[in-house]
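First the structure, in the form of structure tokens, and then the observations on it.
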Amino acid sequence: MIKVLLQSSVRYSIRYILAGILLLLLACMTPVVAQVNTGGSATTANHQKQIVGYITNWDAWKSTAQGVPSAGAYTHLNIDYGKYTILNYSFFGVAKDGSLHSGDFRNKLIYQPGQVQEPAPLLHGGVYDSWDMHLIFGELEYKYDFTDPRVQAAGFVADGAGWKNTINGLTGPMPVPLKKEGGAKGLIDMAHQYNVKVVASIGGWSMCKHFPEMAADPVKRAKFIADCQRLIVLGFDGIDLDWEYPGPYAGMNFTGSQADFANFTTVIQQIRNAIGANKLITAAFTASPSKLQGFQWATLSSLMNYFNMMTYDFNGGWSGIAGHNSPLYDYPGAEQTNFSWDACYNALVSLGVPKSKINMGAPFYGRGVITNGTAALNAPTQKTARTVDPDGPISTAADYTNWSAHDGTPYYEFIRQNKAGWTEHWDDNAKVPYLTKNNYFLSYDNEQSIGLKAQYIVDKGLAGAIVWTVYEDLEISGTSTDFGPKLKRFSSVKSPLVNKLNEVFAQGSIGLPTVSITAPSNGTTVAVNASVVVNATATDSNGSITKVEFYLDGTKVGEDTSSPYSYTVASVAAGNHTIQAKATDNAGNTATASVSISASNNASPVVSITSPANGASFTAGSSITIAANATDRDGTISKVEFYQGTTKLGEDASSPYSYAWTNAAAGSYSLTAKATDNSGATTTSTAISISVTGSSCTAPAWDAATAYNGGAEV
329 MIKVLLQSSV RYSIRYILAG ILLLLLACMT PVVAQVNTGG SATTANHQKQ IVGYITNWDA
389 WKSTAQGVPS AGAYTHLNID YGKYTILNYS FFGVAKDGSL HSGDFRNKLI YQPGQVQEPA
449 PLLHGGVYDS WDMHLIFGEL EYKYDFTDPR VQAAGFVADG AGWKNTINGL TGPMPVPLKK
509 EGGAKGLIDM AHQYNVKVVA SIGGWSMCKH FPEMAADPVK RAKFIADCQR LIVLGFDGID
569 LDWEYPGPYA GMNFTGSQAD FANFTTVIQQ IRNAIGANKL ITAAFTASPS KLQGFQWATL
629 SSLMNYFNMM TYDFNGGWSG IAGHNSPLYD YPGAEQTNFS WDACYNALVS LGVPKSKINM
689 GAPFYGRGVI TNGTAALNAP TQKTARTVDP DGPISTAADY TNWSAHDGTP YYEFIRQNKA
749 GWTEHWDDNA KVPYLTKNNY FLSYDNEQSI GLKAQYIVDK GLAGAIVWTV YEDLEISGTS
809 TDFGPKLKRF SSVKSPLVNK LNEVFAQGSI GLPTVSITAP SNGTTVAVNA SVVVNATATD
869 SNGSITKVEF YLDGTKVGED TSSPYSYTVA SVAAGNHTIQ AKATDNAGNT ATASVSISAS
929 NNASPVVSIT SPANGASFTA GSSITIAANA TDRDGTISKV EFYQGTTKLG EDASSPYSYA
989 WTNAAAGSYS LTAKATDNSG ATTTSTAISI SVTGSSCTAP AWDAATAYNG GAEV
């Protein structure tokens, strides 16, 4: 090239020749596609938190109806890699034989009884029917000639009417998707260029049916593990499981069992053995505290890198009342109590899950519902029969009138574009916004709520956040540069929500208040219509507590503005109840604590040993009278039994309750009294300890060889 330019110097001066050479060299050194910059004042380089973004293989099809300039806007070329540490490519599904398949091959009738997922290719090789090849490998050249040296060098051979790659085992129909030399990079190469890891995410709501049987069957599990290894060979940095959900809970067209929890651990262990210690293993988990109990957290913590909590979808079209999609804290009137970010966090901590491995879920989308009457928080929803993908025929209140382009779950950017005419609200209990219009209700997250959630992550010392999905806050505009028939990069891309995560993470901790309920204790039973005194302690490391509010079953019943914080809940109705205390500091930050109590007219009896005194000492052979006091507020005492350790000594059926223990031998003893009331309820007293020492008799010990006369003392 340089030689040609010099030979043409008759027409060009040396100055232009050198300029041309310089431009040529710069072009060779400059990457074809650089990452977009979505603005913001911080990146992942400014903090140590994880930001895990889910990147889907179907959003690339979205176009003007979904609020983006054209199909191809939602691809890896329009992501700001400086804002994420890990990207989860979603989803691969599990087939009936345990093998993995591209999400493009999902059985769309899987919701029907008897339907199964047949095995299918790991990636969809059809360049016209799927985005898989373009997203994973980047800009492509479509080839039909297997004699092409580059096609052969890349490992492609004829396979019936299609192709097979002998290097990575992938298959597909014609044409051959040859990676273009020097073209736009695929997701994995592009992410690695900016030190971002890419993990293969397996499952999702509609592709989990065969998880339980795969995990329980060694043959199917071996196929699953082998395909996990194939994903690592393709360049993925780890495996993420999105099994919804392990345990005896309903998924789409299946219900798991208790055995799932141990089998889940087995799968994780075998993945770790197969992919090595330097690859990532993560999983998505439900945010429901009750569904977290069965996992073998200690073992999983030694095998896995992060636990990704799906702290969203708390409410939606399935709900009986309009509620928040992702409340940071519990709020009055919610359809389910103890169901929020804060409740999920408290459950994880109580289970001993390491905080350094917890990523909380930040939704970049909203959920709209139709209400029966004027829209409001907690207003009853209005459900209709509808057939939706992927759930099939369902009864749902989802708002397809305003948000049909996103099936009732609009992306944040689409909400921002289309919220004119709606009334904006802020729930200061849940710390999230919502919109209303006529009988339409939309719960979503904005920059303010995402910032508060990010601060919660920082102040609680958690690992970071997961984002569903990376595309949903992207404001894409300007002109596009096309790279082949599908891939394009736009000149202007902004991402306000993920920018807010990074900015708050970079600022560090500002300190949150702490609160705990000291009375009543968790599990306390009280009489129906009794008054319950609730006591709480609250502190703030960098400020002061302005108030502590008290809630009964989500409804505020009172508050206290000075320590010690206390409130009396009057006349508790029969049944199970949740009592909460919410502390607010001088900066407006909040923290909550909760206990469960029950009110019943079949209260347990109360019993205590009144004598002997704890620590009393007796002489061997003496008689020891054990006395107890027993009462029952809603009945009568039928008997009191007296025990030495686990040995029953005797019982008394009438007050005052006592038992005479005669000829006690030397030793140390633990005594308890067990009261039974007329309804069969029992209570065992606090144990007391006594000691029995040897006799003070001075007579000689009895000797079997000695003949004794009457009256002799031994």
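Each residue of the sequence shown is one higher than the one before, starting from 329 at the first, in the working numbering.
Idealized CB from N, CA, C, for every residue including glycine.
Bear in mind that the values here come from a model prediction, so they are computed numbers and not experimental data.
- Within the segment 927 to 992, the runs of beta strand (DSSP E) at least 3 residues long that lie entirely inside it are, in chain order, 934 to 939, 945 to 947, 952 to 959, 965 to 972, 975 to 980, 985 to 989.
- Residue environment for asparagine 730: buried (at least 16 other C-beta atoms within 10 angstroms of its C-beta).
- When secondary structure is reduced to three states using DSSP, valine 821 falls in the strand class.
- The three-state secondary structure of histidine 538, taken from DSSP, is coil.
- Between the segment 542 to 556 and the segment 425 to 438, the count of Cβ pairs shorter than 8 Å is three or higher; the stretches touch.
- With a minimum length of 4 residues, the unbroken runs of alpha helix (DSSP H) contained wholly in the segment 624 to 700 fall at 625 to 631, 669 to 678.
- By the Cβ-count criterion, glutamate 877 is buried, with 16 or more other Cβ atoms from all chains shown falling within 10 Å of its own Cβ.
- Per DSSP, the unbroken alpha helix (DSSP H) holding aspartate 517 starts and ends at 515 to 521.
- Where glycine 368 is concerned, there is no enclosing beta strand (DSSP E), because DSSP gives it neither an H nor an E.
- CA-to-CA, the gap between serine 872 and serine 890 works out to about 11 Å.
- Measuring C-alpha to C-alpha distances from methionine 637 to each of Leu631, Asn643, Thr614 identifies Thr614 as the nearest.
- In terms of Cβ geometry, leucine 628 and alanine 675 do not form a close pair [threshold 7 Å].
- From the listed residues Gly789, Glu741, Tyr987, the smallest Cα separation to threonine 953 is found for Tyr987.
- For tyrosine 470, there is no enclosing alpha helix (DSSP H); the residue is found in the beta strand (DSSP E) stretching over 468 to 471.
- It is roughly 40 Å from the alpha-carbon of alanine 519 to the alpha-carbon of proline 441.
- Here alanine 605 is exposed, its C-beta having fewer than 16 other C-beta atoms within 10 Å.
- Between the alpha carbons of serine 983 and isoleucine 965 lies a gap of roughly 9 Å.
- When DSSP reads this structure, histidine 905 sits in a beta bridge with Ile925.
- Excluding the 5 residues flanking it on each side, leucine 880 has same chain C-beta neighbours closer than 7 Å at Val897, His905, Ile907, in chain order.
- Leaving aside the five residues that flank alanine 858 on each side, the residues in its chain whose CB is nearer than 8 Å to its CB run, in chain order, Ser899, Val900, Ala927.
- Secondary structure within the segment 753 to 803: the alpha helix (DSSP H) runs of 4 or more consecutive residues, fully enclosed, are 775 to 788 (chain order).
- Going by DSSP, tyrosine 439 is part of no alpha helix (DSSP H) at all; its letter is neither H nor E.
- If you check the CB distance, alanine 955 and proline 933 do not come in under 7 Å.
- Under the DSSP definition of a beta bridge, proline 397 lacks any partner.
- Relative to the Cα of alanine 662, the nearest Cα in the group Val504, Ala758, Gln586, Asn601 belongs to Ala758.
- Contact between asparagine 643 and arginine 695 holds, since their C-beta atoms are separated by about 7 Å, short of 8 Å.
- In the assembly as shown, glutamate 741 is a buried residue. Its beta-carbon has 16 or more other beta-carbons within 10 Å.
- If you look at histidine 462, you'll find it in the alpha helix (DSSP H) that goes 460 to 465.
- With fewer than 16 other Cβ atoms inside 10 Å of its own Cβ, phenylalanine 474 counts as exposed.
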